[in-house]
Structures are given as structure tokens and as C-alpha cells.
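Peer 1:
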Amino acid sequence: FVGGFSYQTVDAFNVATGTPDIKTGIAANGAQGFVFAVTPSTTFSEEVLKPVAKCAEGTSSLVTNGVNTFTLSSASIAPADMLTIALSPVAGGVNQMQNASDNGFVVIASAAIGANDTLTFSVNDGGAGLPFVSSVCETNPLDSQCLATPAQSVTINSVNGETRTFAAFVSATGNIPFDPGNNRLFMEFRDQGGILRGGSSIEIRTDFPAPEAPGEVAGLE
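Residue numbers (the UniProt record's numbering): 1 to 221.
(1) In whole angstroms, what is the alpha-carbon distance linking residue 27 and residue 107?
(2) For residue 134, tell me which candidate among 173, 87, 89 and 147 has the shortest Cα-Cα distance.
(3) Pick helix, strand or coil for residue 62, following the three-state DSSP scheme.
(4) Measuring CA to CA, which of 152, 143 and 184 is closest to residue 164?
(5) Starting from residue 40, follow its DSSP beta bridges and name the residues at the other end.
(6) Where does residue 33 sit, in a helix, a strand or coil, going by DSSP?
(7) Indicate whether the contact test is met: 3 or more Cβ pairs, each with one atom in the stretch 119-126 and one in the stretch 184-191, closer than 8 Å.
(8) What are the partner residues of residue 198, as DSSP defines its beta bridges?
(9) Where does residue 178 sit, in a helix, a strand or coil, going by DSSP?
(10) So what does residue 72 bridge to, in DSSP terms?
(11) Near residue 117, what residues of its chain come up, given a Cβ to Cβ distance below 6 Å and the 5 sequence neighbours on each side ignored?
(12) How many angstroms separate the CA atom of residue 62 from the CA atom of residue 48?
(13) In this structure, does DSSP put residue 138 in helix, strand or coil?
(14) Could you check what DSSP says for residue 23 in three-state terms: helix, strand or coil?
(15) Give the single residue among 179, 38, 84 and 199 whose Cα lies nearest to the Cα of residue 74.
(16) From the DSSP secondary-structure annotation, give me the bridge partner or partners of residue 104.
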């Protein structure tokens, strides 16, 4: 990545505070939010930016792809840009299945905040080779029903300002251990050139315990 990078602290309401680009103290077991500004100085199709927080004693924060990284692209003309949020039935952002042959699902909401374009939505494991098969569909936002039979991908004509909803279905074909830093499900929108224009990710695992009480949701968290 070639360009400018800046950061600044924010308060509990995500309002910028303090002075940009200065060292910040964080109490033990405390938390601090930040806002980042990126200004590319050249055009590029897709690069991953990995911010690292360095502590005074010399240790640094870990980098986990899809969790605390940014995938950036830069173009001379504003491209498509999909704001994407993934949600699982149980809080926690994890596609949790009970065993190596169980099924799960994730729902996805998107908002088109960039240029109009033809985009393809699909899911993958980021090249990890995890044992599962998946399919996706666009859904009716009122009842979450698929608008067509689920397939490996869905192609849409994205229009600036519109919102859409989708579902991803996952069937395990083997054991996927608890490893949120590596075992992840990536939901992506790519243009016809294969460039990422929006996405989100959640952890995926197959060792989630079964519910103990009637009516509990076991599939995903």
C-alpha cells in the first residue's frame, strides 16, 4: 500500500476525540476505539492493510485476517462499494455446528454505497481448505425466504443506495475445530474483474455443544 494512513481515538459513541496520530494509553483490561483514515496515492486492485498496535514494552497486537485487517482497492473512478454485515442466529458471530456432518446458516445484509455495478456474492474459507460445502441465495427482507434456489454464487445488478439481504448455507463434511483466528467463513461481493467490493466474515466450527433446553437454537452463534 502506497499512501497516507492516520488514526484517532473515539469515544463510546464513535465520535473522534483527542489529536490524530499520537500515542494513547490504554489501562490494563481496558479498551479504546479508533477511527482510521486511508489516502491512497496510486490506484490498485486489492491490497490487505494490517494495522498493528505496539505497546511500550515492545509487544505488538496479533494480526488476524478478516478480523482486524482492511482489504482496500483504489480506482481513478469511484467503484462499487458494499457495506456488508453478517449475523448468526445466536450472538457471537460464529457459524457453530454440533458435529462434522451438521448444517448451519448465516444471514447477510448489504447496502450499496458506491457506484452501480454487476457483482457476484459467494462464500469461501479464505483458502484454508476447511471441510464444508456451501450455497447462497438472495432473500426477501420481509420473511428471509430465498428468492431463488440456493447456488454457489448469486449475481446482482447493484444500484447505489439500495439494500439487499442474503443467506449462506453451510454443511460440514468433516471436523472443523475451534480456531477463530484461522477457521473463518468469508462472505464476499466481487465485481466482474474479481476485485473485492465488500464483505464480512465469521468464525466456523463443528464442536458446538447441543442445546440443553427445548427451543434453544443450536446451529450458529
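C-beta: ideal position from N, C-alpha, C; glycine also.
Peer 2: According to the structure shown:
(1) In the sequence shown, the residue the question calls residue 27 occupies position 27. In the sequence shown, the residue the question calls residue 107 occupies position 107. Each residue's Cα considered, the two are about 36 Å apart.
(2) As a first step, residue 134 is located in the sequence shown; it is residue number 134 there, counting from the start. When each option's Cα is compared against that of residue 134, the closest is 173.
(3) If you number the sequence shown from 1, residue 62 lands on position 62. In the structure shown, the three-state DSSP call for residue 62 is coil.
(4) Residue numbering aside, residue 164 sits at position 164 when the sequence shown is read from its first letter. Ranking 152, 143 and 184 by Cα distance to residue 164 puts 143 first.
(5) On the sequence shown, residue 40 is found 40 positions in, with the first residue counted as 1. Answer is 3.
(6) Taking the first residue of the sequence shown as position 1, residue 33 is located at position 33. In the structure shown, residue 33 sits in a strand (DSSP, three-state: E or B).
(7) Touching, per the Cβ criterion.
(8) On the sequence shown, position 198 is the one that residue 198 refers to. As computed with DSSP, residue 198 is found in a beta bridge with 189.
(9) Walking along the sequence shown from the start, residue 178 turns up at place 178. If DSSP states are grouped into helix, strand and coil, residue 178 belongs with coil.
(10) Taking the first residue of the sequence shown as 1, we reach residue 72 at position 72. For residue 72, which the question treats as bridged, DSSP gives the partners 47.
(11) For the purposes of this step, residue 117 is taken as the residue at position 117 of the sequence shown. Answer for residue 117: 80, 158 and 191, listed in chain order.
(12) As a position in the sequence shown, residue 62 is number 62, starting the count at 1. As a position in the sequence shown, residue 48 is number 48, starting the count at 1. If I take the Cα positions, the gap works out to 15 Å.
(13) The count along the sequence shown starts at 1 and reaches residue 138 at position 138. Secondary structure at residue 138: strand, using DSSP grouped into helix, strand and coil.
(14) As a working mapping, residue 23 is identified with position 23 in the sequence shown. DSSP, read as helix, strand or coil, puts residue 23 in coil.
(15) Reading the sequence shown from its first residue, position 74 is the one you call residue 74. Residue 74 has its Cα closest to that of 38, out of 179, 38, 84 and 199.
(16) As a position in the sequence shown, residue 104 is number 104, starting the count at 1. Beta-bridge pairing links residue 104 to 170.
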